[in-house]
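**Student:**
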Amino acid sequence: MQIKRNPVGPGQESVWDYPRPPRLEPCASHIQIFFAQTLIAETHQAFRVLETSHPPTYYLPPADVRMEYLQRSPGGSFCEFKGAAIYYSLRVGNHQLPSVAWAYPRPTRGFESLANYLAFFAEPMDGCFVDGERVTPQPGGFYGGWVTSKVVGPFKGGPGTRGW
Numbered sequence: 353m354q355i356k357r358n359p360v361g362p363g364q365e366s367v368w369d370y371p372r373p374p375r376l377e378p379c380a381s382h383i384q385i386f387f388a389q390t391l392i393a394e395t396h397q398a399f400r401v402l403e404t405s406h407p408p409t410y411y412l413p414p415a416d417v418r419m420e421y422l423q424r425s426p427g428g429s430f431c432e433f434k435g436a437a438i439y440y441s442l443r444v445g446n447h448q449l450p451s452v453a454w455a456y457p458r459p460t461r462g463f464e465s466l467a468n469y470l471a472f473f474a475e476p477m478d479g480c481f482v483d484g485e486r487v488t489p490q491p492g493g494f495y496g497g498w499v500t501s502k503v504v505g506p507f508k509g510g511p512g513t514r515g516w
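For the sequence shown, the positions run 353 to 516 when the numbering used here is used.
#1: With distances taken from CA atoms, which of Ile392, Gly479, Trp498 and Pro374 is nearest Cys431?
#2: Just to confirm before moving on: does the CB-CB distance between Gly496 and Phe463 stay below 9 Å?
#3: Go to Ser451, then tell me how far its beta strand (DSSP E) extends in each direction, as first and last residue.
#4: Taking a contact to mean a Cβ-Cβ separation below 9 Å, would you say Leu466 touches Leu376 in this structure?
#5: Thinking C-beta only, is Ala455 closer than 9 Å to Pro414?
#6: If distances are taken between C-alpha atoms only, which option among Pro362, Gly493 and Ile355 comes closest to Ser501?
#7: Given Gly510, which residues of its chain have a CB within under 6 Å of its CB, disregarding the five upstream and five downstream residues?
#8: On the CB-based measure, 16 or more other CB atoms within 10 Å of its CB, does Val360 come out buried or exposed?
#9: Alpha carbons only, please: which of Pro371, Gln384, Tyr421 and His382 is nearest the one belonging to Ser451?
#10: On the premise that Pro408 lies in contact with Gly435, defined as a C-beta separation below 8 Å, what is that separation, rounded to the nearest angstrom?
#11: Helix, strand or coil: which one does DSSP assign to Val482?
#12: According to the Cβ coordinates, are Leu449 and Met477 closer than 9 Å?
#13: Using the Cβ count rule (16 or more neighbours within 10 Å means buried), how would you classify Ser429?
#14: Which of the three DSSP states, helix, strand or coil, is assigned to Val367?
#15: Taking DSSP as the reference, what is the three-state secondary structure of Tyr439?
#16: Can you tell me which of Ile385, Pro506 and Arg514 puts its alpha carbon nearest to the alpha carbon of Asn358?
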């Protein structure tokens, strides 16, 4: 199947240049996550996971996340590259989001630096920001990538992309 790549402009990356298996890299960008008018997380010490056809997924150190708002969710999932994931629900006052964040307590070889770092789905949040830019969630609701003006697709997750 031939994918028609979107053109890359100055200062942009194409998700079609990201590797498979994915690459883990440190990210010094200013990351902020808001929910229920509350700053849930803020860091300059995240990691990005870059995988072919996916916008970056950002993982934040637990020390920079307001963990008092998170509770472990039942269940989990498995990533062929990073290993077994656990999930967290978010509660601020009367506002709650089930299984909105995830982490890898014991990630596989090559992803050890991600141990216990948290990633968040952007869609249900009041706002997720990378260097002040509000992100758009990766299409489809299944994957946790964050789309900014610095990445171009097309992105996996939307209708017709299952076979990518």
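All C-beta atoms, glycine included, are put in the ideal place defined by N, C-alpha and C.
**Tutor:** Checking against the coordinates, here is how it stands:
#1: Pro374
#2: no
#3: His447 to Ala455
#4: yes
#5: yes
#6: Pro362
#7: Pro491 and Gly492
#8: exposed
#9: Tyr421
#10: About 19 Å; that fails the 8 Å criterion.
#11: strand
#12: yes
#13: exposed
#14: helix
#15: strand
#16: Pro506
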